[in-house]
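Q: Attaching a single structure in structure tokens format; questions to follow.
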Amino acid sequence: MDLNPKFKSEKFQCPHCQVASQQTWFDVGSSSSAANKILNHVFYDYRTQITDYHQEAIAKYIRVVEEANKKHMSEFVPKDFSVATCSSCEDISLWVNQEIVYPKQTSVAPPNEDMEQEIQDLYVEASSIVVDSPKGATALLRLALQLLLKQLGKSGKNINNDIKELVTDGLSPKIQKALDLLRVVGNNSVHPGQIDLDDGRDIALKLFHVLNFIADEMISKPKELELLYSDVVPEETQQHIKERDKN
7 MDLNPKFKSE KFQCPHCQVA SQQTWFDVGS SSSAANKILN HVFYDYRTQI
57 TDYHQEAIAK YIRVVEEANK KHMSEFVPKD FSVATCSSCE DISLWVNQEI
107 VYPKQTSVAP PNEDMEQEIQ DLYVEASSIV VDSPKGATAL LRLALQLLLK
157 QLGKSGKNIN NDIKELVTDG LSPKIQKALD LLRVVGNNSV HPGQIDLDDG
207 RDIALKLFHV LNFIADEMIS KPKELELLYS DVVPEETQQH IKERDKN
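To convert a position in the sequence shown, counted from 1, into the numbering used here, add 6.
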């Protein structure tokens with residue numbers, strides 16, 4: 007079942023909380039009924055506490071307002087404007103001409119959770135602007151790469167020199183290519199060069215994958231292997247291995 011956000015769909019994956027949840031729609035067609043529903047809700051508790059005489063007066067007032075809403079409420083709501091409210095998180099998505107305009111929709115995966123929080127925050131910030139500003143998103147990812155190299159034990163001051171040191175340390179060629187790819191494109195976002203990023207959304211979107219790939223290969227996989235090694239290999243055997251490697 008396709009759960010991507012679709013116009014007037016009763017259920018889709020909320021772009022805020024990522025839960026496949028029921029959606030309540032509001033647009034010009036439902037504006038008067040929505041307003042009248044709110045009106046009745048506001049007066050409901052109050053009407054249960056007053057005399058019959060006042061009850062009838064308020065009911066008459068509500069009938070008048072309801073009729074006015076039916077006639078005129080649509081004048082205040084743009085025809086091509088709609089709002090969907092998520093039943094799970096109660097946040098909204100905005101639609102214009104049957105297309106979602108908020109929040110911005112991208113196919114960016116979440117950041118690797120083994121990256122430091124500051125790097126993840128830059129990644130998320132970049133993903134929020136990549137549709138409108140590929141150059142801005144790419145510049146943020148370049149900064150994220152600097153911080154990632156610092157997390158890996160390098161200076162984080164000069165990306166090119168940090169990559170050179172990693173290569174000297176025996177860096178895998180495929181990771182070196184990923185690092186240089188992000189470095190070169192990132193540099194072009196800050197200092198214009200041979201790569202045209204004026205309409206570089208597709209390039210920028212691929213760079214999110216590249217940053218996650220680097221973190222996965224250099225942090226997550228080694229971390230996972232180390233945990234597995236510690237859990238499976240007995241301490242006595244680990245010590246024998248250390249002594250073997252000294253010789």
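Ideal Cβ positions, reconstructed from N, Cα and C, are used throughout, including at glycine.
Is the Cβ-Cβ distance between Ser94 and Cys23 less than 8 Å?
A: Locating residue 94 in the sequence shown gives position 88, where the first residue counts as 1. Locating residue 23 in the sequence shown gives position 17, where the first residue counts as 1. Yes.
Q: Taking the C-alpha atoms as reference points, what is the distance between Glu72 and Ala65?
A: Position 66 of the sequence shown holds residue 72. Position 59 of the sequence shown holds residue 65. About 10 Å.
Q: Apply the 10 Å Cβ neighbour rule to Leu231 and answer buried if 16 or more other Cβ atoms are within range, or exposed otherwise.
A: Walking along the sequence shown from the start, residue 231 turns up at place 225. Leu231 is exposed by the Cβ-count criterion.
Q: Tell me the start and end of each unbroken beta strand (DSSP E) in the region 110–141 that is at least 3 residues and wholly inside, in chain order.
A: none
Q: Please report how far the alpha carbon of Asp205 lies from the alpha carbon of Ser139, in whole angstroms.
A: Within the sequence shown, residue 205 is the residue found at index 199, counting from 1. Within the sequence shown, residue 139 is the residue found at index 133, counting from 1. Bear in mind that a pLDDT of 49 at Asp205, under 50, signals an unreliable position, so the number given afterwards is only what the model happens to contain. Each residue's alpha carbon lies about 9 Å from the other.
Q: For Glu81, which of Ile247, Gly192, Gly35, Lys14 has the nearest alpha-carbon?
A: The residue you call residue 81 lines up with position 75 of the sequence shown. When only C-alpha atoms are compared, the closest one is Gly35.
Q: Can you tell me whether DSSP reads Val190 as helix, strand or coil?
A: Taking the first residue of the sequence shown as 1, we reach residue 190 at position 184. It is helical.
Q: Since I believe Leu154 is in contact with Ile220 (beta carbons under 8 Å), could you give me their beta-carbon distance rounded to a whole number of angstroms?
A: If you number the sequence shown from 1, residue 220 lands on position 214. If you number the sequence shown from 1, residue 154 lands on position 148. Contact holds; Cβ gap of about 7 Å.
Q: Does the Cβ of Lys2 have 16 or more other Cβ atoms within 10 Å, making it buried, or fewer, making it exposed?
A: The structure shown does not extend to residue 2, since the chain is modelled only from 7 to 253, so the question has no answer here.
Q: Since Asp168 is in the beta strand (DSSP E), which residue starts that stretch and which ends it?
A: Sequence index remark: in the sequence shown, residue 168 carries index 162 (1-based). Element bounds for Asp168: not the beta strand (DSSP E) but the alpha helix (DSSP H), 165–174.
Q: Could you tell me which residues DSSP pairs with Ala90 in its beta bridges?
A: Residue numbering aside, residue 90 sits at position 84 when the sequence shown is read from its first letter. Trp31, Ser99, per the DSSP bridge assignment.
Q: With a 10 Å radius around its C-beta and 16 neighbouring C-beta atoms as the bar for buried, classify Ser88 as buried or exposed.
A: Position 82 of the sequence shown, counting from 1, holds the residue named residue 88. With 16 or more Cβ atoms within 10 Å of its Cβ, Ser88 is classed as buried.
Q: Measure the C-alpha to C-alpha separation of Ala132 and Val190 and round it to an integer number of angstroms.
A: Position 126 of the sequence shown, counted from the start, is the residue given in the question as residue 132. Position 184 of the sequence shown, counted from the start, is the residue given in the question as residue 190. Computed Cα separation, rounded: 17 Å.
Q: With H, G and I counted as helix, E and B as strand and the rest as coil, what does DSSP make of Lys85?
A: Sequence index remark: in the sequence shown, residue 85 carries index 79 (1-based). In the structure shown, Lys85 sits in coil (DSSP, three-state: anything other than H, G, I, E or B).
Q: For the alpha helix (DSSP H) holding Phe214, just list the boundary residues, first then last.
A: One-based indexing of the sequence shown puts residue 214 at position 208. The continuous alpha helix (DSSP H) containing Phe214 extends over residues 207–221.
Q: Would you mind sorting Ser3 into buried or exposed? The rule is 16 or more other CB atoms within 10 Å of its CB.
A: Residue numbering for the chain in the displayed model covers 7 to 253; residue 3 lies beyond these limits and cannot be assessed.
Q: Going by DSSP, name the residue or residues bridged to Tyr108.
A: Position 102 of the sequence shown, counted from the first residue, corresponds to residue 108. Leu100, per the DSSP bridge assignment.
Q: Given a threshold of 16 other Cβ atoms within 10 Å of its Cβ, counted over all protein chains shown, does Gly192 qualify as buried or as exposed?
A: The residue labelled residue 192 in the question sits at position 186 within the sequence shown. Classification for Gly192: buried.
Q: Following the continuous beta strand (DSSP E) through Lys160, name the residue where it begins and the one where it ends.
A: Your numbering for residue 160 matches position 154 in the sequence shown. That residue, Lys160, is in no beta strand (DSSP E); it is neither H nor E in DSSP.
Q: Could you tell me the distance, in whole angstroms, from the CA atom of Ile201 to the CA atom of Ala150?
A: The residue labelled residue 201 in the question sits at position 195 within the sequence shown. The residue labelled residue 150 in the question sits at position 144 within the sequence shown. Unreliable placement is indicated for Ile201, whose pLDDT of 49 sits below 50; no coordinate value is reported for it.
Q: Check the C-beta distance from Ala115 over to Asn10 and give it rounded, since I have them as a contact under 8 Å.
A: Residue 115 sits at position 109 when you count from the first residue of the sequence shown. Residue 10 sits at position 4 when you count from the first residue of the sequence shown. Contact flag wrong, Cβ pair sits at about 15 Å.
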